[in-house]
């Protein structure tokens, strides 16, 4: 059964520094991106596809509805006598590490959303929290441009295989209304990128709050994926640069 984790807000983050004690970490599965509403939507689409006779499509969508889990580390530890727990995409920390954390108070503990180890500038955050808002939007625009170029190059390459020159082909195609079709495809790609960009905004907002709480400069411009390039150390695991980072 899928454990749906409510999208974090991180409105009351505070900065706490100290040494990790009584450290425990468990690798668990939960749904961090998709909500129960998303699962219901997948299920409704699957039923509609089944009624329409689209058996394979219904099976595919139904599978997605039950395969929303992803793995992350659920950490528990004390820091200066304070109980701390929370989700990190991957925790590279250990007992005795001196760290700085961004956490908010719950009823009986501090819920952590980001941990930094200044000694080697290692940082780990709540799943999918890797960029500030500026870099998140910039990255989305970059991928939209890449997708558009890939599509346009593919169309031109396809037209070059026909028994006519490319110029003649496109002149005829646009006269026949192909320009509207190509424009519509670009709009669909733009809408898809916009939807995914919006879907990730809750994580972007939390990431910015963590960066600000930990004192990183220009939180909106932080890109942990980019800042980690070329900084891998011998004891880093393969998740470095994807699930935990250096700043």
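In the UniProt record's numbering, the protein residues as written are 1 to 247.
Virtual Cβ for every residue (Gly too), placed ideally from N, Cα, C.
Rounded Cβ spacing between residue i and residue j (contact assumed at less than 8 Å)
{"i": "residue 102", "j": "residue 15", "result": "6 Å"}
{"i": "residue 22", "j": "residue 77", "result": "6 Å"}
Distance between residue j and residue i (C-alpha atoms, nearest Å)
{"i": "residue 133", "j": "residue 206", "result": "10 Å"}
{"i": "residue 138", "j": "residue 247", "result": "19 Å"}
{"i": "residue 182", "j": "residue 157", "result": "15 Å"}
{"i": "residue 223", "j": "residue 244", "result": "12 Å"}
{"i": "residue 119", "j": "residue 208", "result": "22 Å"}
{"i": "residue 107", "j": "residue 82", "result": "13 Å"}
{"i": "residue 215", "j": "residue 193", "result": "31 Å"}
{"i": "residue 97", "j": "residue 117", "result": "7 Å"}
{"i": "residue 125", "j": "residue 89", "result": "6 Å"}
{"i": "residue 24", "j": "residue 196", "result": "34 Å"}
{"i": "residue 225", "j": "residue 191", "result": "25 Å"}
{"i": "residue 19", "j": "residue 227", "result": "25 Å"}
Pick from the options that is closest to residue i, judged by C-alpha positions
{"i": "residue 7", "options": "26, 33, 29, 23", "result": "33"}
{"i": "residue 110", "options": "229, 10, 36, 230", "result": "10"}
{"i": "residue 104", "options": "227, 213, 242, 230", "result": "213"}
{"i": "residue 199", "options": "30, 28, 140", "result": "140"}
{"i": "residue 99", "options": "86, 80, 87", "result": "80"}
{"i": "residue 70", "options": "112, 87, 77", "result": "87"}
{"i": "residue 113", "options": "202, 29, 240", "result": "202"}
{"i": "residue 4", "options": "74, 29, 20, 151", "result": "29"}
{"i": "residue 35", "options": "17, 68, 27", "result": "68"}
{"i": "residue 315", "options": "92, 240, 85, 189", "result": "Because the chain is modelled from 1 through 247, residue 315 falls outside the range shown and cannot be assessed."}
Strand pairing of residue i, partner residues [DSSP]
{"i": "residue 88", "result": "73"}
{"i": "residue 223", "result": "131"}
{"i": "residue 102", "result": "15, 114"}
{"i": "residue 78", "result": "21, 83"}
{"i": "residue 244", "result": "240"}
{"i": "residue 122", "result": "117, 246"}
{"i": "residue 30", "result": "70"}
{"i": "residue 4", "result": "31"}
May I ask you to verify whether the segment 231-239 touches the segment 202-220, counting CB pairs closer than 8 Å and requiring at least 3? no
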